[in-house]
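All residue numbers for the sequence shown refer to our numbering, where the first residue is 98 and numbers rise by one.
Note that beta-carbon positions come from the ideal geometry of N, C-alpha and C, so glycine has one too.
Fair warning: this is a prediction, and the values are worked out from it, not measured in the lab.
Scroll down for the structure; my scribbles are underneath it.
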Amino acid sequence: MTVYSPATTATGIIGTGSYLPAEIVPNSVVADRAGVTADWIVQKTGIHERRHAAPHEATSDLAYAAARAAMDDAGITERDIAWVIVATSTPDHPQPATACLVQDRLGATQAAAFDINAVCAGFVFALQTGAQLLAGVGERTTAKYALVIGADVYSRILDHTDRRTAVLFGDGAGAVVLGPARPGYGILGTGTSTDGSLHGLIGVQAGGSRHPASAGTLADGQHFFKMRGREVRDFVNERLPLAVQGVLDAHGIDPAHIKHFIPHQANGVMVGEVIPRLGLPHAHAHLPVDLHANTGAASIPLALDHARRAGALADGDLMLLAGFGGGMGVGTALLRWDSEPPCRHTRHAARELAGSVAR
């Protein structure tokens, strides 16, 4: 596991946002296609409904909407953004990066933009990357914030007759703005790991340079997302507790002090089974998977935004984010929630000054 500890300058999440498509798809619809019952889906996954993107919506559209919401929450403009990072495994196109499309639509012309594909672990990998980039921002740079987005449209790559995958996934996007935090707050550390020997557990076989798209790959269903569910469950049960323990030990945090646990919303039943093994006795697990299913890289920032807007996060609360996904990768992030980052005071003072001048 690669453990990252931020530089002396604290960096934290200063704004959150999310977007879910308008179309609600209940279990009854998915069950009919997959040859199961609605009750079977609830029993196996804890999911009751999911959202599907409209025909005109692609991953970049969902990502843009979530990004705008996070920027509004943080009170920043497109001119403040130094990096746009999109975690996704369902990009608009094989190239260019979906982040480039989001950057263009935002008008963040000075920002560098790129994608990260660590599948469902992607958001934590992107969060770590954004924090590391911000650690090197110079004093003379006017753009001092990173926009980190998780977005996926899995409904477009599913075989809707395959009960192993069709019942699990939905579409959505979540975003955060990274910026200055108070000392001792913000991102305290992250941990990331990958076991590439298990790359065959999750994936889409065709459409890349190994198996280019052809009439044959289409006929064989090689463009559909496939997953070996039981082996994925075994991976999560074995590796997630180790990753959680590793990041806490690396930063000297007592597990009993963790107030919030926000995991990847893979499968409500599976995550519920592993939580008792994580050794977080007082942590509230945020699991809105019942309402939007598994949204890939979007699931952690979606759950985070839901918790923040519901008023569940208090200043100084310790929280742990945990993602896991194809590759196979695991990412954890340890944060102390900062309800009043320094930039918020700066913006408030600027507004007061503007109002005073106007008067």
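Same chain, Cβ closer than 8 Å to residue i, neighbours up to 5 away in sequence not counted
i, result
"residue 287", "100, 101, 221, 224, 225, 228, 344, 428, 429, 430 and 431"
"residue 409", "357, 381 and 383"
"residue 365", "142, 143, 144, 384, 386 and 387"
"residue 132", "258 and 260"
Buried or exposed (CB count within 10 angstroms, at least 16 for buried), residue i
i, result
"residue 151", "exposed"
"residue 292", "exposed"
"residue 123", "exposed"
"residue 315", "exposed"
"residue 260", "buried"
"residue 419", "buried"
"residue 108", "buried"
"residue 336", "buried"
"residue 258", "exposed"
"residue 438", "buried"
"residue 281", "exposed"
"residue 119", "exposed"
"residue 113", "buried"
"residue 393", "buried"
"residue 340", "buried"
"residue 327", "exposed"
"residue 331", "exposed"
Sequence-distant residues of its chain with Cβ nearer than 6 Å to residue i (five each side left out)
i, result
"residue 161", "199 and 202"
"residue 368", "360"
"residue 116", "159, 162, 163 and 270"
"residue 352", "345, 376 and 377"
"residue 195", "156, 157, 183, 185, 188, 189 and 212"
"residue 241", "234"
"residue 379", "353"
"residue 329", "298"
CB of residue i within 7 Å of CB of residue j, strictly
i, j, result
"residue 252", "residue 389", "no"
"residue 304", "residue 310", "yes"
"residue 355", "residue 417", "yes"
"residue 362", "residue 396", "yes"
"residue 278", "residue 167", "no"
"residue 98", "residue 295", "no"
"residue 423", "residue 299", "yes"
"residue 421", "residue 215", "no"
"residue 245", "residue 111", "no"
Coil, strand or helix - residue i by DSSP
i, result
"residue 125", "helix"
"residue 159", "helix"
"residue 138", "helix"
"residue 112", "strand"
"residue 423", "coil"
"residue 416", "strand"
"residue 175", "helix"
"residue 431", "strand"
"residue 397", "helix"
"residue 451", "Any reading at residue 451 is ruled out, since the residue's pLDDT is 41, under 50, leaving its predicted position unreliable."
"residue 407", "coil"
"residue 209", "strand"
"residue 221", "helix"
"residue 133", "coil"
Close beta carbons around residue i, own chain, < 7 Å, minus the five adjacent residues each side
i, result
"residue 230", "180 and 243"
"residue 413", "433 and 434"
"residue 255", "262, 263, 266, 321 and 322"
"residue 308", "302, 314 and 319"
"residue 146", "121, 122, 123, 124 and 388"
"residue 154", "118"
Residue i: CB within 6 Å of a non-hydrogen atom of the ligand MN
i, result
"residue 414", "For the ligand MN, the structure offers nothing, since it holds no ligand at all."
is_contact[residue i, chain B] using C-beta, thresh 7 Å
i, result
"residue 368", "The structure shown has no chain B; it contains just one protein chain."
Ordered list of beta strand (DSSP E) runs contained in the segment 332-392, each at least 3 residues: With a minimum length of 3 residues, the continuous beta strand (DSSP E) runs that stay inside the segment 332-392 are 355-360.
In chain order, each beta strand (DSSP E) run of at least 3 residues that lies wholly inside the segment 234-304: The beta strand (DSSP E) runs lying completely inside the segment 234-304 and spanning 3 residues or more are 242-250, 268-277, 283-291 and 299-301, given in chain order.
Would you mind listing the alpha helix (DSSP H) stretches within the segment 177-207 that are 4+ residues and don't spill past its ends, in chain order? Entirely contained in the segment 177-207, the alpha helix (DSSP H) runs reaching 4 residues are, in chain order, 195-203.
Quick check for students: name the residue ranges of the alpha helix (DSSP H) that lie wholly in the segment 305-329, counting only runs of 4 or more. Correct list: 312-316.
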